[in-house]
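K.L.:
If you read the sequence shown in numbering that gives the first Met the number 0, its first letter stands for residue 0, the second for the next number, and so on. Glycine included, C-beta positions come from ideal geometry on N, C-alpha and C.
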Amino acid sequence: MVKRDKIIITGASGFIARNLRNYLSDKEIDLISISRNDFKKFKNEFKIISKNYDEKTLLQKFKNSDAIIHLVGIGKQSVKIDYDMVNVEFTKHIVNLSKKAKIKKIVYTSGLGVSPNSSLGYFISKYKAEKIIINSGLDYTIFRPSYVVGKDDLFTKDLKKQIKNGQIKLPGSGSYSIQPIHINDVVKVIFQSITTRKFRNKIIDLVGPDHVTFAQYVKLFAKGTNTSIKKTSLEDLYHDAITNPKSNLGVDDLNILIGNFKGDHTKLRKISEMKFQSVMKLLESN
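#1: Given that a residue counts as buried once 16 or more other Cβ atoms are within 10 Å of its Cβ, and exposed if not, what is V106?
#2: For V148, which beta-bridge partners are listed by DSSP?
#3: Return the bridge partner residues of R143 from the DSSP annotation.
#4: In chain order, what residues of the same chain have a beta carbon less than 7 Å from the beta carbon of D83, not counting five sequence neighbours either side?
#5: Just checking, does the stretch 211-225 make contact with the stretch 26-45 on the three C-beta pairs under 8 Å criterion?
#6: Within 10 Å of its beta-carbon, does H181 have 16 or more other beta-carbons around it, so buried, or fewer, so exposed?
#7: Taking V71 as the reference, which of N51, L58 and T56 has the closest Cα?
#8: Taking L55 as the reference, which of N95, K75, K266 and L19 has the closest Cα?
#9: Who are S12's beta bridge partners in DSSP?
#10: Which of the three DSSP states is assigned to H69 in this structure?
#11: For I141, which of G149, Q191, Q161 and G249 has the nearest alpha-carbon?
#12: What first and last residue would you give for the alpha helix (DSSP H) that runs through I241?
#13: Under the rule that 16 or more other beta-carbon atoms within 10 Å means buried, what is T242, buried or exposed?
#14: Using C-beta distances below 6 Å, list every residue in its chain close to K42, excluding the 5 sequence neighbours before and after it, in chain order.
#15: So D184 packs on G262, CB below 8 Å; how close in whole Å?
#16: By a C-beta neighbour count over all protein chains shown, 10 Å radius and 16 as the cutoff for buried, is E44 buried or exposed?
#17: Could you work out which residue in K197, A221 and L282 is closest to I270 when comparing CA atoms only?
#18: What's the gap between the Cα of K79 and the Cα of L58?
#19: Confirm, please, whether the CB-CB distance from L233 to E283 is below 8 Å.
#20: Should the stretch 142-159 be regarded as contacting the stretch 104-119, the criterion being three or more beta carbon pairs within less than 8 Å?
#21: Just list the residues that DSSP pairs K101 with in beta bridges.
#22: G207 and P179: beta carbons closer than 8 Å?
#23: Could you give the DSSP three-state label for I93: helix, strand or coil?
#24: Are N200 and D152 close, meaning C-beta to C-beta below 8 Å?
#25: If you compare alpha carbons, which of Y237, N285, I93 and N254 is closest to S176?
#26: Considering Cα atoms alone, identify which of D4, L256, I131 and F275 is closest to I93.
#27: Label D209 either buried or exposed according to how many other C-beta atoms from any shown protein chain fall within 10 Å of its C-beta, with 16 as the threshold for buried.
#28: By the 10 Å Cβ neighbour count, where 16 or more other Cβ atoms means buried, how is R17 classified, buried or exposed?
Following this line, the structure appears as structure tokens:
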């Protein structure tokens, strides 16, 4: 009897994780999925809800797993929870658990723009997490994703909410670029990273084939609606982000959006040997 792959997914209730779990479940992969929050269970899945991912609860269940896909992370800080606590220390905890359970492979989602020269708090925490994984001795794949879009992603939900209100606020000029990638392609690439050796010990930009300005993206997203697109002062948006904990865009959300970070889609395409969906063409056809 052929042994089935057994994969652990942290942050199971998140957007990427939810779609990935569905995809891997259909591929007849056994899943151990963990989240702090409740979530819908798929077939071939063992569900764990754990607030602190404590070793006593998880270590025995982790054993005999082929890989762990670590998707836990935060993009907005507060007094109670900060980047270092989640993106750095928690990654260290997951790496230690993986080593104790003798898991050989870890896949991690970092962020497009992360580098040794990072000065942004969010990126610094992601870079530190990358270094923990690289120095762990585990076989690793680190993805640096751009905006991952699909049904119910936060980016799309925010734009839809603004359309419903009749106006989209465009931060600043809107001339900075993004490289959106569709969730269907993301889950296929991650699947490859755990089932082939092509991605072994690599850091890969997880970006789509489209290289467009945010203004172009928003204009196409809102086509066919009566939505006005209003250029909004960055100063006003930053002030709101700093003073309003419920603001749609946090300080680092704005920093990342206007950062104009460019990823290497050609490298991703060559390694994966996939044909990627154009998010812009998808929007045009809707």
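P.N.:
Checking against the coordinates, here is how it stands:
#1: V106 comes out buried.
#2: Beta-bridge annotation (DSSP): V148 is paired with H181.
#3: DSSP, once it has assigned bridges, lists D204 as partnering R143.
#4: Answer for D83: S124, listed in chain order.
#5: Short answer: they don't touch.
#6: Under this definition H181 is a buried residue.
#7: The residue from N51, L58 and T56 with its alpha-carbon nearest to that of V71 is N51.
#8: In the sequence as displayed, the identity of residue 55 is Lys instead of Leu. Cα-wise, what sits closest to K55 is N95.
#9: Among the bridge pairs identified by DSSP, S12 is matched with none.
#10: H69 falls in the strand class under three-state DSSP.
#11: Per the Cα distances, Q191.
#12: Unbroken alpha helix (DSSP H) run through I241: L233 to T242.
#13: T242 is classed as exposed because its beta carbon has fewer than 16 other beta carbons within 10 Å across all chains shown.
#14: Excluding positions up to five away in sequence, the list reads S24.
#15: Not confirmed; about 13 Å, so no contact.
#16: Within 10 angstroms of the beta-carbon of E44 lie 16 or more other beta-carbons, which makes it buried.
#17: Relative to I270, the option among K197, A221 and L282 whose CA is nearest is K197.
#18: C-alpha separation (whole angstroms): 27 Å.
#19: Taking C-beta atoms as the reference points, E283 and L233 fail to come closer than 8 Å.
#20: Touching, yes, given that three or more Cβ pairs across the two stretches are closer than 8 Å.
#21: DSSP lists no partner for K101.
#22: Taking 8 Å as the cut-off, the Cβ atoms of G207 and P179 count as close.
#23: In this structure, I93 counts as helix in the three-state DSSP scheme.
#24: Judged by beta-carbon spacing, D152 lies beyond the 8 Å limit of N200, meaning their Cβ atoms are not closer than that value.
#25: Distances from the alpha-carbon of S176 to those of Y237, N285, I93 and N254 put N254 closest.
#26: For the options D4, L256, I131 and F275, the alpha carbon positioned closest to that of I93 is the one of I131.
#27: Here D209 is buried. Its C-beta has 16 or more other C-beta atoms within 10 Å.
#28: Buried, since its Cβ has 16 or more Cβ neighbours within 10 Å.
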